[in-house]
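Chemist: In the numbering used here, the protein residues as written are 164 to 418. A virtual CB, placed ideally from N, CA and C, is assigned to each residue, including glycine. To start, I am sharing the structure in question, which I have written as structure tokens.
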Ligand code: GLU
């Protein structure tokens with residue numbers, strides 16, 4: 164199976180912006196094992212800005228663009244250093260690709276991106292993709308990594324996109340303030356009702372929220388790719404998700 168796994172900042176880092184060491188170690192271990200079992204693993208990782216915030220000792224996610232871009236430049240190094248070190252422990256090689264919305268909109272550059280991804284996979288390395296936040300501007304940004312995950316999954320014709328977040332999946336209402344909210348296990352079609360269910364932004368350090376996840380689900384399911392939203396708190400869920408078990412919310416790809 165070719166699986167794209169998107170990991171959000173809330174899964175990778177504590178609220179301080181510093182690395183959630185146990186979580187990331189566990190994630191890399193499980194992803195390495197999934198790869199050893201014969202799957203192709205592609206990672207879309209957030210966390211550059213969040214980790215830059217932590218490393219630079221800033222107290223919160225900055226609002227001004229230069230500081231955000233500087234934080235991303237610092238945090239991206241920290242991220243890749245961490246992945247390189249942890250995946251190396253299991254004999255896996257990582258490859259970093261940073262893209263902007265401009266690269267995706269440009270036919271030749273997008274094709275180059277796809278060619279590079281394919282070659283990295285043939286060479287049996289693990290592509291780790293993020294938006295190139297340090298050079299992106301409003302006009303050319305993709306803006307959130309849920310969408311980037313969907314772009315990557317369709318570009319490489321993945322079988323599955325997994326979005327790991329700090330929420331179990333899609334609920335009928337916001338579970339934080341409605342105790343009648345129920346988790347939807349399967350979504351066959353993204354109806355206007357589903358779109359109306361989704362609330363606003365996610366955690367303080369991350370970017371997305373449910374809206375961007377539904378947008379991502381629309382992109383991939385159109386291309387026949389399943390997408391699962393699950394809580395990344397326990398990385399072991401990845402085994403069950405890849406095995407097709409009932410975890411989180413699965414959006415079924417159109418056949
Ligand atoms: N590219 C951003 C980062 O690495 C994350 C965007 C997102 O979380 O959606 O911090």
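Only counting the same chain, and skipping five residues up and downstream in sequence, which positions put a Cβ closer than 7 Å to that of residue 219?
Modeler: Around residue 219: 234, 237.
Chemist: So what does DSSP say about residue 364, is it helix, strand or coil?
Modeler: At residue 364 the pLDDT is 45, less than 50, meaning the model places this residue with poor confidence and gives no usable figure here.
Chemist: Return the bridge partner residues of residue 334 from the DSSP annotation.
Modeler: Beta-bridge pairing links residue 334 to 346.
Chemist: Looking at residue 169: is its Cβ nearer than 9 Å to the Cβ of residue 326?
Modeler: Yes, the pair counts as a contact, with Cβ atoms nearer than the cut-off.
Chemist: What does residue 407 pair with, by DSSP beta-bridge criteria?
Modeler: Residue 407 is not bridged to any residue.
Chemist: Looking only at its chain, what residues have a beta carbon closer than 7 Å to the beta carbon of residue 288, apart from the 5 residues adjacent to it on each side?
Modeler: Cβ within range, chain order: 256, 257, 258.
Chemist: Between which residues of its own chain and residue 361 is the CB-CB distance below 6 Å, once the five residues before and five after are set aside?
Modeler: Correct list, in chain order: 373, 374, 377.
Chemist: Please find out if some non-hydrogen atom of the ligand GLU comes closer than 8 Å to the beta-carbon of residue 208.
Modeler: Checking every heavy atom of the ligand GLU against the Cβ of residue 208, one is found closer than 8 Å.
Chemist: If you measure from the CB of residue 403, is any heavy atom of the ligand COA nearer than 8 Å?
Modeler: Among the ligands in the structure shown, the ligand COA does not appear; only the ligand GLU can be found there.
Chemist: Would you call residue 263 buried or exposed, if buried means 16 or more other Cβ atoms sit within 10 Å of its Cβ?
Modeler: Counting Cβ neighbours within 10 Å, residue 263 comes out buried, since at least 16 surround it.
Chemist: List the residues that DSSP assigns as beta-bridge partners of residue 206.
Modeler: 168, 291, per the DSSP bridge assignment.
Chemist: How many angstroms separate the CA atom of residue 345 from the CA atom of residue 283?
Modeler: In a straight line, the C-alpha of residue 345 is about 40 Å away from that of residue 283.
Chemist: Could you tell me the boundaries of the beta strand (DSSP E) in which residue 259 lies?
Modeler: Where residue 259 is concerned, the enclosing beta strand (DSSP E) stretches over 257–262.
Chemist: Smallest Cα separation from residue 323: which of 227, 401, 278?
Modeler: Out of 227, 401, 278, 401 has the C-alpha closest to the C-alpha of residue 323.
Chemist: Residue range of the beta strand (DSSP E) that residue 222 falls in?
Modeler: Premise fails: residue 222 is in no beta strand (DSSP E) and is neither H nor E.
Chemist: Around the Cβ of residue 228, are there at least 16 other Cβ atoms within 10 angstroms (buried) or fewer (exposed)?
Modeler: Answer is exposed; the Cβ neighbour count stays below 16.
Chemist: Just tell me which of 321, 318, 390 has its CA closest to the CA of residue 353.
Modeler: The candidate whose alpha carbon is nearest that of residue 353 is 390.
Chemist: Look at the alpha carbon of residue 274 and the alpha carbon of residue 280, and state the distance between them as a whole number of angstroms.
Modeler: C-alpha separation (whole angstroms): 10 Å.
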